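Line by line, the protein sequences give chains A and B.
Quick note on numbering: our numbering labels position 360 of the first sequence as 360, and the sequence is numbered without any gaps.
If you count the second sequence from 1, you need to add 606 to reach our numbering.
The structure appears below as structure tokens.
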Amino acid sequence: MSDRILPALRRAQGRPELSRGTAEAGRRTIGLFAGLLGVATLLVLPPAVRVAGPPFIESAAATGLTFTHDTGASGQYYMAEQMGAGAALFDFDNDGDLDVFLVQGGALGGSSKPGTTSRLFRNDLAIGPEGRRTLKFTDVTDRAGVAWRGYGMGVAVADYDNDGDSDLFLTSFGPEAMFRNNGDGTFTDVTATAGVSDPFWSTSASFFDYDRDGDLDLFVANYLDFTVADNKTCYDSLGARDYCGPRAYRPVPDRLYRNEGNGRFTDVTEAAGISRADGAGLGVVAGDYNRDGWLDLFVANDATPNQLWMNQRNGRFADEGVLSGTAFNAAGNPEGSMGIASGDPDADGDEDLFITNIIGETFVLYENDGRATFEDARARWGVAQPTAAFTGFGTDWIDYDNDGWLDLFITNGAVNLIESQRGQPLPFRMKNLLFHNTLGLPAVAAKREGGRLTNVSAEAGPAFTMEEIGRGASFGDIDNDGDTDIVVTNNGGPVRLLINQAAAGAHWLQVRLEQQPGNRQGIGAMVAVERVGKPTLWRRVKTDGSYASASDSRIQAGLGESAAVTAVVVHWPDGRQERWTGIQADRLVTLRRGTGQMLPSAGDPK
Amino acid sequence: MPAAAGTMLAPAGPILLSFIALAGTPAQSKVPPPALPRLAPETFPAASREAISRQYKEALARPNDGAAVGSLGRLLQAWEQWDAAHAAYVRAHALAPAVLDWPYLDAIVLQRLVRQREAVDALRQALSINADYLPAKLRLAEVLLEVGDLQDSRKLFEPLVSVTATEPAALVGLGRIAAAEGRHEDAVRAFERAVGLFPELAAAYYGLARSYRALGRTADAERAVSRHAQYGARWPRLDDPILASVATLREDARATLQRGIALGEAGDVPGAIKAHTDALARDPSLVQAHANLVGLYGRAQDWAAAEEQYRAAIASGFNNADMHYDYAVVLGLQGKWDAAEAAYRKALEVNPLHVQSRNNLGQLLERRRDFDGAISEYRQAVEAQPTFRLARFNLGRMHLVKGDARQAISEFEALRQPIDAETPRYLFALSTALVRAGNVTDGRKAGAEAQNLAAQFGQTELARAIAAELAKLK
């Protein structure tokens, strides 16, 4: 019996139990099993019974996911100490469940303490003899060879060498690192041969196929020219020493590396036109914002104009941040701009952008008209006032209740002292936020006066009353029960694992893509889930976005009360479209290229 | 709405915002005024402790005196204590409802707290006291625009167009409203009028760029983007004595230093020097003031004073790339090339990414004909900041000097955009490189382009020089 049927039985008895085992559970072979079935692989799970209680349960310690980030805080207020680090959710061992990679900081300008390296935790999700699900993580860092000692910032994940397993790219305050997955549970540091390292302070990165040649290229966002030796002295409003903001330093250029297909990358930053504009890069996401079939890039720049690099389809990009309306707020001023959520919350088929900012600015939702012209719609969507008191970082659109409408999660944490916490240790603590998308509710039920997104954080349970210094956020179905869970990193604090309890009872569909020979996971593809009498759900296959983090590449589509899916159409990154029918809900479906019905080519832009 | 007396607000910390209900309700009011904010200034850093303590004690001694309470609010606002300032202003207004200052300043504080609707209410209260206070009218129009009340916002902006001091800002507001309503032709008209009155109005160029794009006027949109990038957040000056009274309250060393920095950026070098020396007199440990004075005295060509400030900063253990750079510039202006080179290298030791030091060091190396060394420095500057056009231009020149016209062309081509006052000479350099590479036709085209652009920017001598060179090609 597939492990995914079991949660329904378990939930009928109460809350799912998450336990820490002392022995390693047997490895699941779902992946191999899936491969043997042929065209489309089904992991069947009937709808579970809805359970009362908070939508998310914090379960890091209970599952063995024990990790505390080390800022290396020295009393010198080095800027890098405030920026935190990210996390990745990816299946490094191809056993069908998501493992966790957590980026570590350390002492700036010196070696880190023993044991404080970035860590890899293998997910040992197991099904016991009575069908009881056990989520357990095991630290396999040393065995895997990824005990990296750089002052880490972020992580990007993709199969850049097209050998069927996911590799890791790590950004840092200092040189970056590329770890190639050997396919046997170990990694090799291939930074030198890959040619993807420079001395700039890097933050977020994105693997995407910008030239549609079938392999994944790499964009790296770089931040500021801060150095330890050139540390500047800044003060808070009352005259006490505080961390400097981004305006105290100069931005350094981002990098675009073209994958040459032989394990090496070429720096094409200048040739691609990326060097024509600079900014203090913190977040990056790839999307097709003008729907011409070619992937563009949005870069969130801290206190400097954001960039919307529109793919010119000839190896070059043009920055249309200002003209598109995404560089500034409505008054024409740059904002904090740290984390990015790119998705389709209004189900109109195009990708909108949500950006987190610093306290006092409010967070912004740029609504796309489908042609890469955006409107600052934060007030209309109801995210302005509720976010005024927050400094946000990691974020994404997730359908946490599987009702078919994308909701919003944000992790928050200040970068400068919070006045009400003056005199306390770590006076930068904030709560996380959860917004529910009300577009799908009947008008009488939706709180229209609050906008389309309703702040439900107060009802979201203890995980949303904790005040911490949130930074990275990574999203994916960690316990393979058909809903989206979240890993949150805290600056100088413990990792948090938010297990979703809200979606039980609602129908859902997960889609994993496979293609050969290159970009085997179909990163950048757009998946359309067509339904009867309901808007099509558009979801992009991606691992980027948020802040300094990488998320599950599987598509998660909540279907609400109706399990009827008429078709799934995949818009592959090379422009071809393929359609599958007969898809059943409440399961993970693997769609292998060539096994559906190929549609006429996308051709010219819309 | 003011918080009710006795209400506990959120949580603890050195500044406790739990309210104390104080006795002495004004006889004419049925509702007691909101309580004075409770502060713990003894926990504040030294820079702010005395000033805030003093004013707080006065307010505690005279809690029903609107002026005393309002003065506390002003001081708290000057120190960016927004929540406490708001509480003080609300009480002050309740105690002295005929005084314009309190609701007006409260509105500004509420805007900082992003409580826009409450800011609207406070501004309306202010205007009910004095309907002619222009800054309040303009601010209300802008806040209404921010919250999406376009009709009410328009009604306020329209009459402000007839007032010289507010005309540009009002036109920007009307332009934004027109754009929000999809009337981009009207928006363009308004924005164009605004920049006609105040050519540095970046917000208007931003609006123009977006509306031009909506109308399909791509070239105009790109030109507007360039102009927007040229100017910071500049607005026409509107006298606001009430807000100005807050800005002058800070007499501490850091505020004085900030005023000095602003004066320096505005070009008032003597004023900036005085402010910096005043800051040092208040706090001799303010090493940043020494560092800033190096550059300021350099601009005043007082070399000895610049040297003295540099030594003072070094003696304090200050080791900042910008300071070494400024000192190097001062030395260069005196023709002390070797010492200048050493100072640039010191800056780069502290921060290898200090691009201005790279560029200037390159020029020193060029001066002693170390062209390879100059190329290395210029290249590193361009790699660290590809948008540093001057460094790229210098790199191109060096390639030309070394006879590598092809590489020079590559660098100069990258300087075509954005189009600004520097572009004519970059195009002239490109023209020269093309001709040297044997491509006379393209060289002539680039030269003609450079000449036209120079004329557009009023660079008549450059235009003449280019014309003379083009004539030789014939």
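Using N, Cα and C, we set each Cβ at its ideal position, and we do this for glycine too.
All of these numbers come straight from a predicted model, not from anything done at the bench.
Cβ-Cβ distance between residue i and residue j below 8 Å
i, j, result
"A:D254", "A:F219", "yes"
"B:V794", "B:S759", "no"
"B:A771", "B:L844", "yes"
"B:E664", "B:A657", "no"
"A:D230", "B:N966", "no"
"B:T1090", "A:A277", "Outside the shown range of chain B, which is 607 to 1080, sits residue 1090 of chain B, and nothing can be said about it."
"A:R592", "A:E514", "yes"
"B:V749", "B:L719", "no"
"A:A286", "A:K534", "no"
Span of the beta strand (DSSP E), counted from its first residue to its last, around residue i
i, result
"A:T188", "F187 to D189"
"B:G679", "B:G679 -> not in any beta strand (DSSP E); alpha helix (DSSP H) instead, spanning G672 to A684."
"A:N222", "D217 to N222"
Interface flag, residue i vs chain B, CB-CB below 8 Å
i, result
"A:R119", "no"
"A:Q307", "no"
"A:D230", "yes"
"A:Q385", "yes"
"A:P253", "yes"
"A:V589", "no"
"A:D225", "yes"
"A:A379", "yes"
"A:E367", "no"
"A:G332", "yes"
"A:Y257", "no"
Assigned secondary structure, residue i (DSSP; H/G/I helix, E/B strand, else coil)
i, result
"B:N966", "helix"
"A:F464", "helix"
"A:W309", "strand"
"B:E787", "coil"
"A:K542", "coil"
"A:T536", "strand"
"A:L323", "helix"
"B:Q687", "coil"
"B:D884", "helix"
"A:H507", "strand"
"B:E1017", "helix"
"B:L1006", "helix"
"A:N333", "coil"
"B:W943", "helix"
"B:P774", "helix"
"B:A948", "helix"
Any C-beta of chain A under 8 Å from that of residue i
i, result
"B:S659", "no"
"B:Y812", "yes"
"B:A627", "The predicted position of B:A627 is uncertain, since its pLDDT is 41 and thus under 50; a value taken from the coordinates is nonetheless stated next. Chain A contact via Cβ: absent."
"B:A927", "yes"
"B:W685", "yes"
"B:A793", "no"
"B:R860", "yes"
"B:A825", "no"
"B:T649", "yes"
N-terminal and C-terminal residue of the alpha helix (DSSP H) that residue i is part of
i, result
"B:F977", "F977 to A990"
"A:E397", "First, the residue type needs correcting, since residue 397 of chain A is Trp and not Glu in the sequence shown. Looking at the DSSP string, A:W397 is not in any alpha helix (DSSP H); the run it does join, the beta strand (DSSP E), is G392 to I398."
"B:A830", "T824 to Q836"
"B:L1081", "What the structure shows of chain B is the stretch from 607 to 1080, and residue 1081 of chain B is not part of that stretch, so it cannot be assessed."
"B:N898", "V893 to R905"
| task | Could you name the residues of the region 945 to 967 of chain B whose beta carbon sits closer than 8 Å to any beta carbon of chain A, in the order they occur along the chain? | result | E955, V956, N957, P958, L959, H960 and V961
| task | Taking only beta carbons into account, state which residues of the region 294 to 306 of chain A come closer than 7 Å to chain B, listed in chain order. | result | none
| said: Any C-beta of chain B within less than 9 Å: which residues of the region 260 to 283 of chain A qualify? | reply: T269, E270, I274, S275, R276, A277 and D278
| field | Interface residues of the region 981 to 1011 of chain B facing chain A [CB-CB below 7 Å] | value | A990, Q991, P992 and T993
| query | Which residues, in chain order, does the region 740 to 758 of chain B contribute to contact with chain A at a C-beta distance below 9 Å? | reply | E748, L751, E752, V753 and G754
| task | Scan the region 794 to 810 of chain B for residues whose Cβ lies nearer than 9 Å to a Cβ of chain A and list them as they occur along the chain. | result | A808, A809 and A810
| said: Against chain A, which members of the region 1034 to 1068 of chain B pass a CB distance test of less than 7 Å? | reply: none
| task | Would you list, in chain order, the members of the region 317 to 351 of chain A that have their beta-carbon closer than 8 Å to a beta-carbon of chain B? | result | V322, L323, G325, F328, A330, A331, G332 and N333
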